[in-house]
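*Asks:*
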Amino acid sequence: MLMPKRVKWRKQQRGRMTGKVLRGAAMVYGEYALQALEPGWVTARQIEAARRTIVRAMRR
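Sequential numbering of the sequence shown, starting at 5, is according to the working numbering.
1) Could you give the residue range of the alpha helix (DSSP H) that holds M62?
2) Taking C-beta to C-beta, are W45 and R18 nearer than 8 Å?
3) Which one of T47, R14, T57 and P43 has the shortest CA to CA distance from V25?
4) Which residues in the same chain as A4 place their Cβ atom closer than 8 Å to its Cβ, once the five residues preceding and following it in sequence are excluded?
Structure follows, in structure tokens:
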């Protein structure tokens, strides 16, 4: 999980969350991508778990 080395407090305020993105959701590079079906926070652990799963599936 990526984290800055020197921060006084680990938890940060999240701000506002709106709905799904309407524009700018096209893939920039690569052949595969994840797409959000509903609005919600995605943690760094969830992103890393998805990345590992995709890499593992691609090796097979």
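Using N, Cα and C, we set each Cβ at its ideal position, and we do this for glycine too.
*Replies:* On the basis of the supplied data:
1) Walking along the sequence shown from the start, residue 62 turns up at place 58. M62 -> alpha helix (DSSP H) spans A48 to R63.
2) Within the sequence shown, the letter at position 41 stands for residue 45. Within the sequence shown, the letter at position 14 stands for residue 18. Their beta carbons are under 8 Å apart, which means W45 touches R18 by this criterion.
3) Residue mapping note: residue 25 aligns to position 21 of the sequence shown, counting from 1. Measuring from the Cα of V25, the nearest candidate turns out to be P43.
4) Nothing about residue 4 can be reported from this structure: the residues present for the chain run from 5 to 64 only.
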